[in-house]
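Mapping of the sequence shown onto the working numbering: position 209 corresponds to residue 209, and the numbering continues sequentially without gaps. Below: the structure, in structure tokens.
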Amino acid sequence: MLLLQCKNIKKAFGIHEVLRSVSLDLEEGSRVGLVGKNGAGKTTLVNIIMGDLKPDAGELIWHRKDVTTGYLRQSVYYTSDLFHELYKGQNGLNEVNDFLHISSELGASKAHRWEDERFASLSGGERTKLALAHIWSSNPGMLILDEPTNHLDLHGVQWLIDELKGYQGTIIAISHDRYFLDQTVNCIMEIDDGVIEEYSGNYTFYRNEKRKRYESQLHAYAVQEKYKDELEANIRQLREWSGKAHRDSTKKGANSGNKTGTKEYFRVKAKKMDKQVKSTIKRLEKLKEEGIKKPKEEPRVRFIFQETETGGKRVLYASNIRKRFGDRILFDESSFYIQRGERVGIFGPNGCGKTTLVKAVLGQQSVEGSLFVSPSVNIGYVSQDVLDLERNSKALDLFAMGSRREQGKVRTMLANLGLNEVLMNKPLKSLSAGERTKLKLANLLIREYDMLILDEPTNHLDVYTREQLEDALEKYEGTILLVTHDRYMLEKICNKLLVFENNRIRRHEYGLAGYLKESKGSDSTDITDDGLTREEAQMIIENRISKVLGKLSELEEGTPEYQELDVEFNELIRKRNKYKD
Numbered sequence: 001m002l003l004l005q006c007k008n009i010k011k012a013f014g015i016h017e018v019l020r021s022v023s024l025d026l027e028e029g030s031r032v033g034l035v036g037k038n039g040a041g042k043t044t045l046v047n048i049i050m051g052d053l054k055p056d057a058g059e060l061i062w063h064r065k066d067v068t069t070g071y072l073r074q075s076v077y078y079t080s081d082l083f084h085e086l087y088k089g090q091n092g093l094n095e096v097n098d099f100l101h102i103s104s105e106l107g108a109s110k111a112h113r114w115e116d117e118r119f120a121s122l123s124g125g126e127r128t129k130l131a132l133a134h135i136w137s138s139n140p141g142m143l144i145l146d147e148p149t150n151h152l153d154l155h156g157v158q159w160l161i162d163e164l165k166g167y168q169g170t171i172i173a174i175s176h177d178r179y180f181l182d183q184t185v186n187c188i189m190e191i192d193d194g195v196i197e198e199y200s201g202n203y204t205f206y207r208n209e210k211r212k213r214y215e216s217q218l219h220a221y222a223v224q225e226k227y228k229d230e231l232e233a234n235i236r237q238l239r240e241w242s243g244k245a246h247r248d249s250t251k252k253g254a255n256s257g258n259k260t261g262t263k264e265y266f267r268v269k270a271k272k273m274d275k276q277v278k279s280t281i282k283r284l285e286k287l288k289e290e291g292i293k294k295p296k297e298e299p300r301v302r303f304i305f306q307e308t309e310t311g312g313k314r315v316l317y318a319s320n321i322r323k324r325f326g327d328r329i330l331f332d333e334s335s336f337y338i339q340r341g342e343r344v345g346i347f348g349p350n351g352c353g354k355t356t357l358v359k360a361v362l363g364q365q366s367v368e369g370s371l372f373v374s375p376s377v378n379i380g381y382v383s384q385d386v387l388d389l390e391r392n393s394k395a396l397d398l399f400a401m402g403s404r405r406e407q408g409k410v411r412t413m414l415a416n417l418g419l420n421e422v423l424m425n426k427p428l429k430s431l432s433a434g435e436r437t438k439l440k441l442a443n444l445l446i447r448e449y450d451m452l453i454l455d456e457p458t459n460h461l462d463v464y465t466r467e468q469l470e471d472a473l474e475k476y477e478g479t480i481l482l483v484t485h486d487r488y489m490l491e492k493i494c495n496k497l498l499v500f501e502n503n504r505i506r507r508h509e510y511g512l513a514g515y516l517k518e519s520k521g522s523d524s525t526d527i528t529d530d531g532l533t534r535e536e537a538q539m540i541i542e543n544r545i546s547k548v549l550g551k552l553s554e555l556e557e558g559t560p561e562y563q564e565l566d567v568e569f570n571e572l573i574r575k576r577n578k579y580k581d
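Written out as structure tokens, the structure reads:
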């Protein structure tokens with residue numbers, strides 16, 4: 001049964017047309033993943049559905065008027081003041097009990113007793129968890145989730161997946177989390193160039209089907225272009241014959257003494273040729289106007305991080321550092337070091353103090369004890385907060401451009417990140433969270449840093465950009481300090497860990513798999529050979545399958561690289577099936 005219809009929805013911001021003509025039918029109980037590149041209009045569309053924005057044209061038709069909607073916005077929306085409004089004023093005993101139970105399940109216990117200072121220092125993950133608890137406790141008939149897994153730790157993501165599997169209402173989820181979409185939705189709607197393309201399946205199906213559609217359209221386009229070349233050659237030939245017929249009507253008519261029959265024969269022949277030329281030209285023009293358009297390739301983003309070469313092996317050293325907020329201790333008696341060129345991941349649950357540690361390293365937060373950062377280290381930092389770019393200045397104003405050469409370099413780099421001239425001249429506050437994140441990354445690219453500190457760098461980024469960022473970080477030879485809940489990225493980039501556990505920060509001399517193997521014990525019946533639980537192993541395998549599929553779609557069958565990836569894909573499928581048994 002139809003719940004909602006969107007018909008030819010249009011929305012523009014100034015001269016920037018975001019939604020050109022969006023039409024969709026939403027069935028009751030459907031589970032839709034809404035995807036698209038940053039700035040494609042995903043959040044704009046759901047804000048129109050929620051009634052927070054008015055479309056410039058088109059209409060929304062609700063077939064049920066009594067449906068209640070729970071809308072999880074991106075975590076930056078949830079300020080401490082808003083949480084006071086939401087949680088200090090819970091209405092109804094059942095709603096309060098549900099909220100307490102759900103927030104506890106998500107790892108945010110006793111949130112109703114938190115003081116003002118606690119609310120003011122919430123991490124992105126804690127904000128998301130409390131917002132989810134509030135929405136879930138209201139028992140909505142429809143859920144709209146905008147990047148719900150951003151900032152969530154593994155436990156929070158798995159809780160959400162399990163709850164959504166048992167949820168009977170309608171779901172629209174904006175997400176770039178491949179594993180989450182594979183587990184929760186049965187339909188993908190992609191916004192591209194202001195229109196929607198629908199795929200009946202989960203994320204992996206969508207990637208496969210999109211590749212097939214692209215290849216099919218590309219083949220049809222190639223056939224059409226060949227036919228157009230043949231028509232143009234035919235037109236040239238017909239024009240030559242027509243010209244010859246016209247000349248013959250004059251020349252041979254004169255040779256025959258301008259007898260009517262001879263002259264008229266060649267005139268008729270010339271007119272027939274002219275008619276064929278006009279007809280062929282008309283066919284060609286119609287093909288050019290209405291024929292198959294060349295399919296667009298997926299956007300390619302280029303990251304090239306440049307490191308400097310400065311002396312000194314040790315870049316950071318902490319001795320018995322401690323941090324607390326009131327009576328709440330984040331970490332205590334913590335000592336560790338980071339050496340030049342190491343790739344260190346910061347690992348721990350939401351709210352444990354990961355971002356606080358990063359700010360302490362940057363000198364933005366004080367800690368007790370001794371924390372030394374080498375003065376010779378040039379640090380590039382990307383925070384998870386995009387609200388610091390909430391102002392009226394233009395995106396281009398962020399970059400100090402002197403000479404024309406520098407201006408050209410910056411504009412080329414921004415174009416490589418998918419940020420065109422129109423976006424560059426828009427106010428920062430009108431840009432999407434993903435576009436702002438790209439601007440933060442762009443600030444790293446134009447400078448040379450020998451240490452990168454990245455706090456949830458993939459939040460708000462589309463899947464194409466995420467994969468290119470991973471590839472660039474693999475090639476970067478400087479020091480990396482990475483905070484991320486993306487298990488696959490952490491495993492791929494970092495070979496050392498700073499782990500938050502039992503209110504202490506400990507350094508581990510290996511990556512995520514080694515740490516989990518040590519902490520859980522390799523003799524457990526539910527631990528894989530890599531030291532992961534079956535659940536964690538499945539998640540990593542699913543993420544790798546999605547990435548391999550994406551790379552296969554870019555390669556030509558039969559090439560050595562394609563064959564190598566195809567073998568890996570089949571092995572991944574075998575492993576996934578083994579863990580499901």
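Glycine residues also receive a C-beta, built at the ideal position from the N, C-alpha and C atoms. No experiment lies behind these values; they were computed from the predicted model shown.
*Whole-Å CB distance - residue 131 paired with residue 72, under 8 Å assumed*: Your numbering for residue 131 matches position 131 in the sequence shown. Your numbering for residue 72 matches position 72 in the sequence shown. Contact flag correct, Cβ pair sits at about 6 Å.
*Three-pair Cβ contact test at 8 Å for the region 451 to 458 versus the region 477 to 484*: With contact defined as three or more Cβ pairs closer than 8 Å, the region 451 to 458 and the region 477 to 484 are in contact.
*Drop a sphere of 10 angstroms on the beta-carbon of residue 567, count the other beta-carbons inside from all chains shown, and report buried for 16 or more, exposed for fewer.*
Here residue 567 refers to the residue found at position 567 of the sequence shown. Answer is exposed; the Cβ neighbour count stays below 16.
*Burial state of residue 200 (16 or more Cβ within 10 Å)*: Position 200 of the sequence shown holds residue 200. It counts as exposed.
_Three or more C-beta pairs below 8 Å linking the region 170 to 177 and the region 456 to 475_ = Put simply, the region 170 to 177 touches the region 456 to 475. At least three CB pairs are less than 8 Å apart.
*asked:* Between which residues of its own chain and residue 392 is the CB-CB distance below 7 Å, once the five residues before and five after are set aside?
replied: For the purposes of this step, residue 392 is taken as residue 392 along the sequence shown, with counting starting at 1. Cβ neighbours of residue 392 beyond the five flanking positions: 427, 429.
_Check whether the region 214 to 233 and the region 188 to 199 touch, using three or more Cβ-Cβ pairs below 8 Å as the test._
Inter-segment contact for the region 214 to 233 and the region 188 to 199 is absent: fewer than three beta-carbon pairs are separated by less than 8 Å.
*asked:* Closest to residue 509 by C-alpha separation, out of 337, 436, 367, 489, would be which residue?
replied: As a position in the sequence shown, residue 509 is number 509, starting the count at 1. The option with the nearest alpha carbon to residue 509 is 337.
*Hey, quick one: how far does the beta strand (DSSP E) through residue 479 stretch, first residue to last?*
Walking along the sequence shown from the start, residue 479 turns up at place 479. First-last of the beta strand (DSSP E) with residue 479: 479 to 483.
*What residues in its chain sit with their C-beta under 6 Å from that of residue 198, if we drop five residues either side in the sequence?*
Here residue 198 corresponds to residue number 198 of the sequence shown, with the count starting at 1. Closer than 6 Å at the Cβ level, and outside the excluded window around residue 198, lie 189.
_Ordered list of alpha helix (DSSP H) runs contained in the region 137 to 178, each at least 4 residues_ = With a minimum length of 4 residues, the unbroken runs of alpha helix (DSSP H) contained wholly in the region 137 to 178 fall at 154 to 166.
_Start-to-end residues for the alpha helix (DSSP H) that takes in residue 65_ = By one-based count along the sequence shown, residue 65 stands at place 65. Where residue 65 is concerned, there is no enclosing alpha helix (DSSP H), given that its DSSP letter is neither H nor E.
*Should the region 10 to 17 be called in touch with the region 52 to 59, which here means at least 3 C-beta pairs below 8 Å?*
Because the criterion of three Cβ pairs below 8 Å is met, the region 10 to 17 and the region 52 to 59 touch.
*Okay, do the region 266 to 274 and the region 218 to 231 touch, 3+ Cβ pairs below 8 Å being the bar?*
no
*Please work out which residues of its chain come closer than 8 Å, Cβ to Cβ, to residue 431, disregarding the five sequence neighbours upstream and downstream, and give them in chain order.*
In the sequence shown, residue 431 corresponds to position 431, counting from 1. Correct list, in chain order: 39, 389, 395, 423, 439.
*Using the C-alpha atoms, what's the distance from residue 18 back to residue 492?*
What you label residue 492 is simply residue 492 of the sequence shown in a count that begins at 1. What you label residue 18 is simply residue 18 of the sequence shown in a count that begins at 1. Whole-angstrom Cα-Cα distance: 35 Å.
*Who are residue 496's beta bridge partners in DSSP?*
Locating residue 496 in the sequence shown gives position 496, where the first residue counts as 1. Paired residue(s): 344.
*How do the region 14 to 33 and the region 146 to 159 stand: do at least 3 beta-carbon pairs fall below 8 Å, yes or no?*
These segments do not touch.
_To the nearest angstrom, how far is the alpha carbon of residue 46 from that of residue 30?_
Here the question's residue 46 lines up with position 46 in the sequence shown. Here the question's residue 30 lines up with position 30 in the sequence shown. Taking the straight line joining both Cα atoms gives about 15 Å.
*asked:* I need the boundaries of the alpha helix (DSSP H) containing residue 48, first residue and last residue.
replied: If you number the sequence shown from 1, residue 48 lands on position 48. Per DSSP, residue 48 is one residue of the alpha helix (DSSP H) stretching across 42 to 50.
*Classify residue 13 as helix, strand or coil using the three-state DSSP reduction.*
As a working note, residue 13 is residue 13 in the sequence shown. If DSSP states are grouped into helix, strand and coil, residue 13 belongs with the strands.
*Please determine, among 425, 295, 280, 474, the residue with the shortest C-alpha to C-alpha distance to residue 397.*
In the sequence shown, residue 397 corresponds to position 397, counting from 1. It is 425.
*asked:* Since residue 147 and residue 74 should fall inside the 8 Å C-beta cutoff, what is the C-beta to C-beta distance between them, to a whole number of angstroms?
replied: Position 147 of the sequence shown, counted from the start, is the residue given in the question as residue 147. Position 74 of the sequence shown, counted from the start, is the residue given in the question as residue 74. Correct: roughly 5 Å between the Cβ atoms.
*Per-residue burial, residue 583 [other beta carbons within 10 Å of its own, 16 or more giving buried]*: Residue 583 is absent from the structure shown; the chain starts at 1 and stops at 581.
*Taking the CB atoms as reference points, tell me whether residue 224 and residue 292 lie closer together than 8 Å.*
If you number the sequence shown from 1, residue 224 lands on position 224. If you number the sequence shown from 1, residue 292 lands on position 292. Yes; because the gap between Cβ atoms is below 8 Å, this pair is in contact.
*Quick one: what's residue 25 bridged to in DSSP?*
Residue 25 sits at position 25 when you count from the first residue of the sequence shown. DSSP, once it has assigned bridges, lists 5 as partnering residue 25.
*Local Cβ density within 10 Å of residue 376, reported as buried at 16 or more and exposed below that*: Here residue 376 corresponds to residue number 376 of the sequence shown, with the count starting at 1. Classification of residue 376: exposed, given that the 10 Å Cβ count is below 16.
*asked:* Am I right that residue 354 and residue 348 are in contact with their C-beta atoms under 8 Å? What's the rounded C-beta distance?
replied: One-based indexing of the sequence shown puts residue 354 at position 354. One-based indexing of the sequence shown puts residue 348 at position 348. Indeed, because the Cβ distance is near 6 Å, the residues count as touching under 8 Å.
*asked:* DSSP has residue 33 in a bridge; who is on the other side?
replied: Along the sequence shown, one-based indexing puts residue 33 at 33. According to DSSP, which records beta bridges pairwise, residue 33 is partnered with 173, 188.
*Give me whichever residues DSSP pairs with residue 334 in a beta bridge.*
Here residue 334 refers to the residue found at position 334 of the sequence shown. In DSSP, residue 334 forms a bridge with 321.
*Is residue 437 helix, strand or coil by DSSP?*
Position 437 of the sequence shown, counted from the start, is the residue given in the question as residue 437. In the structure shown, residue 437 sits in a helix (DSSP, three-state: H, G or I).
_Residue from 436, 571, 562, 2 with nearest C-alpha to residue 417_ = Translated into the one-based positions of the sequence shown, residue 417 becomes position 417. Ranking the options by Cα distance to residue 417, first place goes to 436.
*So what does residue 199 bridge to, in DSSP terms?*
Position 199 of the sequence shown, counted from the first residue, corresponds to residue 199. Note: residue 199 sits in a beta bridge opposite 188.
*From the DSSP output, in three-state form, read off residue 134 for me.*
Position 134 of the sequence shown holds residue 134. Note: residue 134 maps to helix in three-state DSSP.
*asked:* Can you check which of these residues, 324, 374, 544, is closest to residue 317 by C-alpha distance?
replied: Numbered from its first residue, the sequence shown carries residue 317 at position 317. Ranking the options by Cα distance to residue 317, first place goes to 374.
*Any idea which residues DSSP pairs residue 505 with across the strands?*
By 1-based counting over the sequence shown, the position of residue 505 is 505. Bridge partners of residue 505: 500.
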